[in-house]
Each structure stands twice: as C-alpha cells, then as structure tokens.
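In this note's numbering, the protein residues as written are 6 to 364.
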C-alpha cells in the first residue's frame with residue numbers, strides 16, 4: 006500500500022524539509038546513535054575508572070623507571086612534556102604548575118609497601134578499565150561480548166596495558182629525537198630556538214608526535230582491544246578524526262579545567278574534579294569516534310562482528326554463485342531453443358543414448 010498523501014507546502018512543508026535534512030546530517034546521526042546506546046553513561050563510567058588507573062600508573066610507572074629517568078634528564082623532561090601535552094596541567098614541573106609534583110614521583114619506590122600496593126592497584130584498575138573500554142566500544146557497534154575465555158581476555162588486557170606503557174616511553178623518545186633534530190637544523194641555519202617561529206615549529210613537532218600517538222591508540226582500541234572487523238579506510242579515517250578532536254580538547258584543556266574547578270565548594274579537591282571532567286570529555290570523544298565509524302559502516306552495510314561479517318560474506322558469495330549458475334542455465338536454454346528442430350532432436354537422442362550407456 007503506497008502513501009498517496011501529497012507533500013505539505015508552505016511553512017509546514019519547509020519545517021518538515023528542514024528536519025529531514027537536519028536529521029540526515031552525519032554528525033547528528035552519530036550523536037543520536039551514541040545517545041541511543043547510552044554513550045554518555047558509558048563515557049562517565051570509563052572516566053571514573055580511568056582516574057584511578059591514571060594515578061596508579063603514574064606512581065608505579067615512575068617508581069619502576071625512576072632510576073633511568075633520573076640518569077637521563079633530557080628523556081625525563083621529554084616524558085613529562087608528552088604527559089602534560091596529553092593531560093594538560095597534570096604534572097608540576099620546574100617550568101610550570103601542575104597537579105602532581107614530579108619530584109615526589111621520581112622519589113617513589115616500587116619495593117616498599119606503598120609501591121607494591123600501587124602496583125597491585127595499577128594492575129587491577131588498568132585491566133578493569135581496558136575491559137570496560139572493550140565492552141563500551143562493542144556496545145556502540147551493537148556487537149555482543151566476546152566469547153573468549155575470561156582469563157585469556159584479562160591476560161590480553163594486561164599485555165595491552167604494558168604495551169601502552171612502552172608506547173608512551175617510545176613516543177617520548179620520538180618526541181626527543183624530533184625536537185633535537187629540529188634544534189640541530191636551526192643551529193645549522195644559525196637560527197635561535199628562542200625565536201617565535203622556532204618556538205612554534207618545536208611546538209608543532211611535539212603536537213604531531215602526540216597526534217600520531219593518539220591515532221595509533223585509537224586504532225589499537227577499535228581493532229585489537231575490541232576485536233572488531235572494521236575496514237581499513239573507515240578505521241584510519243575515523244581514528245584520525247578522533248585524534249584531531251583529542252588534540253583540540255588537549256589544547257583547550259587548561260581552559261576547561263580552570264572553568265570546571267572555579268566553584269569554591271570544590272576548591273579542596275579541585276584537582277581531582279578537574280581531571281575527572283577532562284577524562285570524561287576524553288572518553289566522550291572515544292565513544293563519539295566509535296559512533297562515527299559505526300554509522301559509516303552501517304551506511305556501507307558492513308558488520309563489525311567478525312563472525313557475522315564472515316557469514317555475510319559467505320552468504321553473499323553463495324548468492325553470487327547461484328545467480329551466475331542461473332544465468333548460465335538461462336543462456337543454455339535460450340541457445341537450445343534457438344537451434345533448428347533437427348538439431349534439438351539430435352541432442353535429445355544423444356542424451357538418451359548416453360543415459361542408456363551409463364545404465
């Protein structure tokens with residue numbers, strides 16, 4: 006039954022066309038997709054877990070790597086710079102203010118009771134956060150939880166957590182190498198690195214390193230941690246967009262944290278509130294990035310569940326083979342009908358003789 010109702014004209018029709026156009030916009034569809042799957046609630050839960058994992062990771066990480074960082078001030082400062090670029094205002098260094106004093110971090114020990122407790126808390130919170138992140142991303146893609154053994158999943162999460170820590174150190178080393186190369190080039194050109202242009206160039210190099218790191222983390226989150234089937238083009242483009250959004254968020258991090266902690270009632274624990282606000286926004290970006298990729302895949306008709314996608318491809322291939330067989334049979338029937346009567350009679354006689362021989 007078809008709807009023969011004519012389209013509305015006048016102001017009412019214009020309003021209908023506007024809302025049709027508005028709700029067809031991809032950013033609007035992404036926001037609606039995220040909201041329909043409890044995206045804001047998932048982000049809030051992830052931010053809460055990330056806060057505890059962050060403090061435990063800082064204490065345990067610097068306690069383990071404190072000796073090497075103490076003997077290498079350049080690498081230490083580069084690591085501090087990468088962390089403060091990722092989470093503005095987190096570390097208090099000699100060049101600025103922050104929430105956590107780096108001197109106390111470098112004096113932390115891993116072999117004492119405090120170090121052992123922080124290490125246990127780190128393992129528990131990091132594994133819990135990664136498991137929750139996997140569940141949140143799979144929920145955004147409307148994919149059921151993985152059927153992998155529980156202990157294997159936790160071992161995978163632990164390995165990914167260690168890999169993330171190594172990646173942070175590598176990004177710090179890469180940032181150090183990049184900035185040193187730029188300074189060497191400036192010295193060769195006899196340009197002081199204190200000039201405005203040189204400062205902008207050094208800042209840009211640092212941001213590019215963090216941007217590449219964020220992109221790699223998002224790709225690992227969607228592909229490795231969540232275990233989803235995402236076409237490479239959608240995965241890379243979505244991760245680049247998410248990394249750009251994270252870069253903008255980090256650039257505005259100081260302003261956002263300052264506005265979020267101006268309330269005098271929150272002054273006694275403003276640092277924790279500010280970090281929680283920032284981490285909530287970061288997790289919102291992660292969920293919206295997942296929603297963006299999920300909406301694009303829905304438009305393409307691609308399933309994120311690896312098993313379901315394989316079944317879809319197998320069914321698609323079987324359907325293609327069936328259609329090709331039907332087309333060949335139809336062509337053969339048409340060719341037989343186009344032959345003269347005597348030729349068709351000879352073909353039938355030959356078929357009967359071949360059946361008799363087989364019998």
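Note that beta-carbon positions come from the ideal geometry of N, C-alpha and C, so glycine has one too.
Among the options, which one has its Cα closest to the Cα of residue i?
i, options, result
"residue 109", "18, 64, 220, 311", "64"
"residue 163", "153, 148, 136", "136"
"residue 220", "149, 205, 176", "176"
"residue 231", "215, 134, 185, 197", "134"
"residue 77", "174, 254, 204", "174"
"residue 129", "218, 327, 55, 92", "55"
"residue 253", "278, 279, 287, 131", "287"
"residue 124", "34, 228, 60", "60"
"residue 258", "242, 285, 244, 238", "285"
"residue 236", "312, 211, 305, 247", "305"
"residue 127", "161, 66, 139, 324", "66"
"residue 92", "23, 280, 315, 309", "280"
"residue 122", "68, 148, 158", "68"
"residue 222", "209, 39, 44, 295", "295"
"residue 48", "323, 299, 203, 292", "292"
"residue 5", "145, 307, 207, 209", "Within the shown structure, residues of the chain are numbered from 6 to 364, placing residue 5 beyond reach of any answer."
"residue 321", "307, 217, 334", "307"
"residue 159", "138, 171, 172", "138"
"residue 234", "209, 23, 316", "316"
"residue 309", "328, 240, 336, 334", "240"
"residue 43", "147, 226, 323", "147"
"residue 227", "208, 311, 18", "311"
"residue 250", "277, 217, 278, 238", "217"
"residue 52", "335, 278, 324, 203", "278"
"residue 50", "28, 22, 132, 141", "141"
"residue 242", "302, 197, 204", "302"
Does DSSP put residue i in a helix, a strand or coil?
i, result
"residue 7", "With a pLDDT of only 47 at residue 7, under the threshold of 50, the placement of this residue in the model should not be trusted; the figure read from the coordinates follows. Three-state DSSP puts residue 7 in coil, outside helix and strand."
"residue 304", "helix"
"residue 257", "coil"
"residue 235", "coil"
"residue 146", "coil"
"residue 2", "Residue 2 cannot be examined here, being either before or after the span of the chain that is shown, 6 to 364."
"residue 282", "helix"
"residue 65", "helix"
"residue 123", "helix"
"residue 292", "helix"
"residue 196", "coil"
Who are the Cβ neighbours of residue i in its own chain at under 7 angstroms, not counting the five residues just before and after it?
i, result
"residue 105", "63, 95, 96, 97"
"residue 211", "86, 90, 180, 184"
"residue 300", "31, 34, 35, 38"
"residue 1", "The question about residue 1 has no answer, for the chain in this structure spans 6 to 364."
"residue 107", "85, 96, 97, 98"
"residue 248", "216, 219, 220, 223"
Locate the alpha helix (DSSP H) running through residue i, then write down its first and last residues.
i, result
"residue 84", "78-91"
"residue 310", "Unbroken run through residue 310: none, as it is neither H nor E."
"residue 169", "155-193"
"residue 214", "201-224"
"residue 41", "31-41"
Per DSSP, which one or two residues make a beta bridge with residue i?
i, result
"residue 106", "97"
Leaving aside the five residues before and after residue i along the sequence, list all residues of the same chain whose C-beta is less than 8 angstroms from its C-beta, in chain order.
i, result
"residue 7", "Interpretation of residue 7 is limited by its pLDDT of 47, a score under 50 that renders its predicted location unreliable; the figure taken from the coordinates is listed afterwards. There are no such residues."
"residue 178", "80, 83"
"residue 181", "79, 80, 83"
"residue 214", "87, 176, 179, 180, 183"
"residue 20", "none"
"residue 255", "90, 91, 92, 93, 215"
"residue 246", "294, 297"
"residue 149", "143, 310"
"residue 172", "218, 221, 222"
Which residues in the same chain as residue i place their Cβ atom closer than 6 angstroms to its Cβ, once the five residues preceding and following it in sequence are excluded?
i, result
"residue 4", "Any property of residue 4 remains undetermined from this structure, which presents the chain solely from 6 to 364."
"residue 57", "130"
"residue 132", "159, 162, 163"
Is the CB of residue i under 8 angstroms away from at least one CB in chain D?
i, result
"residue 62", "In the displayed structure, chain D is absent; only one protein chain is listed."
Does the beta carbon of residue i fall short of 7 angstroms from some heavy atom of the ligand SAH?
i, result
"residue 250", "Among the ligands in the structure shown, none appear at all, so the ligand SAH cannot be discussed."
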